[in-house]
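J.: Dumping the structure here so I can ask a few things about it.
In this note's numbering, the protein residues as written are 759 to 1475.
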């Protein structure tokens, strides 16, 4: 007995058998087999003879396969290569696993020493005969001391031989000629020439002019024709006039029978009643019929085509087709053929006048379709000019009512124009002891311009942003309002978009001043010289405004304001730098900000030339990156104080805010709050025009600027 005792203990006389392959000493180099033989396998060629009991054409079948033995863990795998149209499942016959030996040694597994050539192996009751192996397997088994037998051949499979004979008899005696069209397909795939054609079928009964679209596919020289069926023509909506195919040039009205026209001919070399007929292909192609097909060089604008007996005339082509013929054939004449009368213009569709119900847009929408839809709003304009952060896109003007009533003439109004939908709202300021309650005077909405007919077919005109400017008079719902002033945002917006608002275009304003006569120019210069006895170069805004309005220069109040704002005297606000640094250090000290050395290293990294200066924009970005705990206004003023042009001395800036090494005197909470409030007030204060630099104005308008210069760039320089 070879079975062990209870618990796997060996009985007397038994020896422990190895469960895996034992390799010669030194073959693994002292490493375990699963490391030394990783990804190494022995490959054997084998076959399996399988009986086929109930088949008329075969009694047995020879199935070739390969046996893989993995050295790392003694696992085996049997794979059968797939054959075309075999009719049996092929592939992996036995999945990778350790396979036991046949009885009575089922307690042992196959190892490397069980393999040899020209021998049989029983794997799960299937007998495999090993015929050969690869070179690596031969070398490995030889090093292990295995004497290999001579390889043997695989016996023939009767059914496989029969199938090979049948397939060989089905192959042609002489191969057909091969035409390589792959290059043409790769070069011209998805490239199609399009021609506009017509077929005159008016001679036939109930015939008319047919419009066609011819498509020539450059990939394979095929042609497809589609018919353009006009609406209400009474024809079946079948647009395909000719399916995609090669179009012969000289085609008869009757199609050839199958086999009547071939590229090759067959010769009957032997006709005998006893031996039968013998045929062979004609290599000289003596009886072949050559048929010409339409090619790209046959299609020209104005040419004729024979489409299976129908005379089709090419009238025009698209731009891609014209470029193709220009580049390949050098054709430049693409004069279209006029084959139909010009389309009569559609009569204007009159719209009934507005009936007074709903808005004018609703009334027009009810006339355009049977089921009316609400009028569409301009969503793109709303998304572009809707409020976004600090950009309100709302123009605000200060106005008063034009009236003879003393009470109404003193009332103050704020007129707001919303750029997102061209709507207007009017708000009245409340005044003490005026007897009039303030608040919303006119709700937000679009307002029509006065003097328009109510019941008409055309849409009414509404007030736009160009109609609002300082000095204009608006009639809002039968009330006259005179615009006296605007806020700083409105002035800046109009000046930034001067191409849309002519009243705020400084170039147009200077052009008007340059076009005044020489006499008025002399009067303006004399008046300005008398208004400035100290020769300071500045005059008051009221003096210059009165001069321009009194001289009749053709400038409105808004244009005068824009002109004076362009030459206004800018006063530099004197801010205590020491107080600014003290406030900044107070903020840093409260937040316990100790990243100043890291900031210094980042400043030096961004200064590769070691000049000690970087741009103000770069310094602002670094401060934002380190989240410097100071307000944006204070940071901006500090950076500009330490800047020389566009470059900032970052060493002096860091020394000034370093509260650890260079502490500033302590500041009171009231001073910090007052400083912060003043900064915010200065940032949002409306720029008021007080003094105007008339010397620059005279130089740019009358002397320094020529007719060819850009007046706007000259004034802003």
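Backbone N, C-alpha and C define an ideal beta-carbon position, used for all residues, glycine too. If you're wondering where the values come from, they're calculated on a predicted model, not measured in any experiment.
Short check: CB of residue 1185 to CB of residue 1167, under 9 Å?
T.: No. Outside cutoff.
J.: Evaluate residue 792 with the Cβ neighbour count: other Cβ atoms within 10 Å of its Cβ, from every protein chain shown; 16 or more gives buried, anything less gives exposed.
T.: Its Cβ having fewer than 16 others within 10 Å, residue 792 is exposed.
J.: Would residue 1316 be called buried (16 or more neighbouring beta carbons within 10 Å of its own) or exposed?
T.: Answer is buried; the Cβ neighbour count reaches 16.
J.: Taking the alpha-carbon positions, what's the residue 1128 to residue 985 distance?
T.: Roughly 32 Å between the two C-alpha positions.
J.: Count the other CB atoms within 10 Å of the CB of residue 1146; is the residue buried (16 or more) or exposed (fewer)?
T.: Residue 1146 is exposed by the Cβ-count criterion.
J.: Please state whether DSSP places residue 1197 in a helix, a strand or coil.
T.: Three-state DSSP puts residue 1197 in a strand.
J.: What residues in its chain sit with their C-beta under 8 Å from that of residue 1165, if we drop five residues either side in the sequence?
T.: Once the five neighbours on either side are set aside, the close Cβ partners of residue 1165 are 1192, 1193, 1194.
J.: Taking only three categories from DSSP, how would you classify residue 1339?
T.: Three-state result, residue 1339: helix.
J.: Give every residue of the same chain whose Cβ lies closer than 7 Å to the Cβ of residue 1157, excluding the five residues on either side of it in the sequence, and list them in chain order.
T.: Within the same chain, residue 1157 has close Cβ partners 1171, 1173, 1239, 1240, 1241, 1242.
J.: DSSP three-state call for residue 1223: helix, strand or coil?
T.: In the structure shown, residue 1223 sits in a helix (DSSP, three-state: H, G or I).
J.: In three-state terms, what does DSSP make of residue 1064?
T.: Correct three-state label for residue 1064: strand.
J.: Counting beta carbon pairs with one atom in the stretch 1247-1263 and one in the stretch 1205-1214, are three or more of them shorter than 8 Å?
T.: As far as the Cβ criterion goes, the stretch 1205-1214 does not touch the stretch 1247-1263, which means the pair count is below three.
J.: Are there 16 or more other CB atoms within 10 angstroms of the CB of residue 767, so buried, or fewer, so exposed?
T.: Answer is exposed; the Cβ neighbour count stays below 16.
J.: Cα-Cα, which of 1454, 1038, 1002 is closest to residue 1321?
T.: Closest option to residue 1321, Cα to Cα, is 1454.
J.: Our contact map puts residue 807 next to residue 825 with C-beta atoms below 8 Å; I'd like the distance itself, whole angstroms only.
T.: Going by Cβ atoms, the distance from residue 807 to residue 825 rounds to 15 Å, so no, they are not a contact pair.
J.: Can you give me the C-alpha to C-alpha distance between residue 875 and residue 1041, rounded to a whole angstrom?
T.: Approximately 52 Å between the Cα atoms of the pair.
J.: Beta-carbon within less than 7 Å of residue 1459's beta-carbon, same chain only, minus the 5 sequence neighbours each way: which residues are those?
T.: Around residue 1459: 1268, 1271, 1272.
J.: Any chance you could list the alpha helix (DSSP H) runs of at least 4 consecutive residues sitting entirely within the stretch 1221-1268, in chain order?
T.: Runs of the alpha helix (DSSP H) inside the stretch 1221-1268: 1246-1254.
J.: So, does the stretch 916-925 touch the stretch 873-893, judging by three or more C-beta pairs under 8 Å?
T.: With a cut-off of 8 Å, the stretch 873-893 and the stretch 916-925 do not count as touching, because too few Cβ pairs lie within range.
J.: Which runs of the beta strand (DSSP E) at least 3 residues long sit entirely within the stretch 1146-1196? Give them in chain order.
T.: Counting whole runs of 3 or more residues, the stretch 1146-1196 contains the beta strand (DSSP E) stretches 1152-1159, 1170-1176, 1181-1186.
J.: According to DSSP, simplified to helix, strand and coil, what is residue 1365?
T.: Residue state, collapsed to three classes: coil.
J.: Using DSSP's beta-bridge definition, name the partner residues of residue 852.
T.: DSSP output for residue 852 lists 836 as bridge partner(s).
J.: According to the Cβ coordinates, are residue 834 and residue 854 closer than 9 Å?
T.: Yes, these two residues count as a Cβ contact at 9 Å.
J.: Per the contact definition of three or more C-beta pairs closer than 8 Å, is the stretch 895-902 in contact with the stretch 843-862?
T.: The answer is no - the stretch 895-902 does not touch the stretch 843-862, with fewer than three Cβ pairs under 8 Å.
J.: Is DSSP giving residue 1203 helix, strand or coil here?
T.: Correct three-state label for residue 1203: strand.
J.: Could you spell out where the alpha helix (DSSP H) holding residue 900 opens and where it closes?
T.: Unbroken alpha helix (DSSP H) run through residue 900: 893-901.
J.: Could you round the C-beta distance between residue 1075 and residue 1059 to whole angstroms and report it? I think they count as a contact, below 8 Å.
T.: Between residue 1059 and residue 1075 the Cβ distance is about 6 Å, and since that is below 8 Å, they are a contact.
J.: Put residue 1133 into one of helix, strand or coil per three-state DSSP.
T.: Here residue 1133 sits in coil by DSSP.
J.: Decide yes or no for the touch test of the stretch 1333-1343 against the stretch 1367-1374: beta carbon pairs closer than 8 Å, at least 3 of them.
T.: The answer is no - the stretch 1367-1374 does not touch the stretch 1333-1343, with fewer than three Cβ pairs under 8 Å.
J.: Between residue 1155 and chain D, is the shortest Cβ-Cβ distance under 9 Å, so that the two count as touching?
T.: Absent from the structure: chain D. Only one protein chain is present.
J.: Just to confirm, is the Cβ distance from residue 810 to residue 816 under 9 Å?
T.: Yes; because the gap between Cβ atoms is below 9 Å, this pair is in contact.
J.: Count the other C-beta atoms from every protein chain shown that fall within 10 angstroms of the C-beta of residue 1449, then say buried if there are 16 or more, exposed otherwise.
T.: The residue in question, residue 1449, is buried, as its Cβ has 16 or more Cβ neighbours within 10 Å.
J.: Do you know offhand how far residue 1290's Cα is from residue 1296's?
T.: Taking the straight line from one Cα to the other gives about 7 Å.
J.: From the DSSP output, in three-state form, read off residue 808 for me.
T.: Correct three-state label for residue 808: strand.
J.: Within 10 angstroms of its Cβ, does residue 1159 collect 16 or more other Cβ (buried), or is it exposed?
T.: Counting Cβ neighbours within 10 Å, residue 1159 comes out buried, since at least 16 surround it.
J.: Less than 9 Å between the C-beta atoms of residue 951 and residue 1082, yes or no?
T.: Contact flag set, yes.
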